[in-house]
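Report on the structure given below.
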Amino acid sequence: MYIFIVNVHAGEGKGKKVFEKLKKDKSYNLLESRTFFTEYEGHATALAAQVAKSFGNRITCIVIVGGDGTLHEVMNGVKKYPDVKIAFIPAGSGNDFARGCKLPKKKQKLLFNQIVQYPSWKPYWFGQALKDKSTNKAVLFANSIGFGFDAEVAKRANEAVYKRILNKWNFGTLSYTLALLQVLFSFTTKEMDVIADGQKKSFKKAWMVTITNHPYFGGGMKIVPLARINGDYFYVLVLDNIPRWKVLLLFITVFFGKHTSLKEVHLFKAKHIDIHIKSGSKYQVDGHTGFCHSCSIRKENISRQINRF
């Protein structure tokens, strides 16, 4: 049985358009399937948990039609069900997971037929983040988790009216760029300790710390160009003690992956990372934002089967 979880509001209605096309495909009508539509933020998590519990090993896979946020919710819903396979049909504004997994972002109907006829199941190791240990449950993430500037830009972009307008015209990446320019001149650097596999690194004027599974964030920016999906470690980028004008230069070059040559950019790999932020900081996890003072990040011990290339 194929379970479809559809966010019709993803990408300002793109999710609905994509699913309408899929419904007209002969393969869809021949499938044994159940379709569920999300109605509010967090609903995909509840739906995924419910179907995984109810249908168990009858599930061939869960097919997600939506954006990275919908994917984030679904995988947290099936956190206790590691055998459930996940296929993703991108219909959001950023679609960084699709980029990282080399999924087509526009040929969704072709991708759907590939999922049904000859799926490419490969292991994927989600990240696990435990924020402010005493008060929060661990959250899984597919793409990245970031602290500081990255998170403040994500929050501004999520709340911006222009994001809806730009998404309708397929300029979702531009909303992140505009939010970046707004935050650039008001951002206050953070004092952070990053403990990577037991090695402590202190940063007095940190702009951002980003921990990622693959190269992309912010709707196509190659934040860590050489990152590759693997089960051994994350890729970590720290931006520290850099003048504002140079931050702008960095984000101009980040689409091409040329920013890594800047001396203020620190890159390393680690499997276990602990972040301690003096006075706290905003964070973003797969685009969802919040606030914390500390965070422990680990690779999941088990891999999940994801349709990817």
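Residues in the sequence shown are numbered consecutively from 121, following my numbering. Where is the CB? At the ideal position from N, CA and C, for every residue including glycine. Everything numeric in this text was worked out from a predicted model, so none of it was measured.
Nearest-angstrom Cβ-Cβ length linking residue i and residue j, presumed shorter than 8 Å
i, j, result
"residue 398", "residue 409", "About 20 Å separates the two Cβ atoms, so there is no contact after all."
"residue 320", "residue 313", "6 Å"
"residue 368", "residue 304", "6 Å"
"residue 185", "residue 259", "Actually they are not in contact, since the Cβ atoms of residue 185 and residue 259 sit about 22 Å apart, beyond 8 Å."
"residue 214", "residue 339", "4 Å"
"residue 342", "residue 377", "4 Å"
"residue 114", "residue 354", "Absent from the model: residue 114. The displayed extent of the chain is 121 to 429, so no value can be given."
"residue 332", "residue 278", "19 Å between Cβ atoms; not a contact."
Coil, strand or helix - residue i by DSSP
i, result
"residue 309", "coil"
"residue 390", "strand"
"residue 253", "coil"
"residue 472", "Since the first and last residues shown for the chain are 121 and 429, residue 472 lies out of range."
"residue 139", "helix"
"residue 246", "coil"
"residue 266", "strand"
"residue 277", "helix"
"residue 213", "coil"
"residue 132", "coil"
"residue 231", "helix"
"residue 201", "coil"
"residue 150", "helix"
"residue 300", "helix"
Beta-bridge pairing of residue i - partner residues as DSSP gives them
i, result
"residue 241", "427"
"residue 422", "DSSP, once it has assigned bridges, lists no residue as partnering residue 422."
"residue 208", "184"
"residue 124", "155, 183"
"residue 409", "404"
"residue 415", "251, 395"
Buried or exposed (CB count within 10 angstroms, at least 16 for buried), residue i
i, result
"residue 176", "exposed"
"residue 223", "buried"
"residue 196", "buried"
"residue 424", "buried"
"residue 308", "exposed"
"residue 243", "exposed"
"residue 210", "buried"
"residue 189", "buried"
"residue 170", "exposed"
"residue 363", "exposed"
"residue 335", "buried"
"residue 123", "buried"
"residue 406", "buried"
"residue 206", "buried"
"residue 237", "exposed"
"residue 129", "buried"
"residue 162", "exposed"
"residue 203", "exposed"
"residue 160", "exposed"
Closer than 6 Å: residue i CB and nearest the ligand SAM heavy atom
i, result
"residue 211", "Among the components of this structure there are no ligands whatsoever, and the ligand SAM is therefore not found."
Discussion item. Threshold first: 3 residues or longer. Then list the beta strand (DSSP E) segments lying entirely within the segment 154 to 197, N to C.
Written reply: 181 to 186
Practice prompt. Return the chain-ordered ranges of every alpha helix (DSSP H) run that is complete within the segment 309 to 388 and spans a minimum of 4 residues.
Written response: Under the rule that a run must span 4 or more residues, the alpha helix (DSSP H) segments found entirely inside the segment 309 to 388 read 364 to 373.
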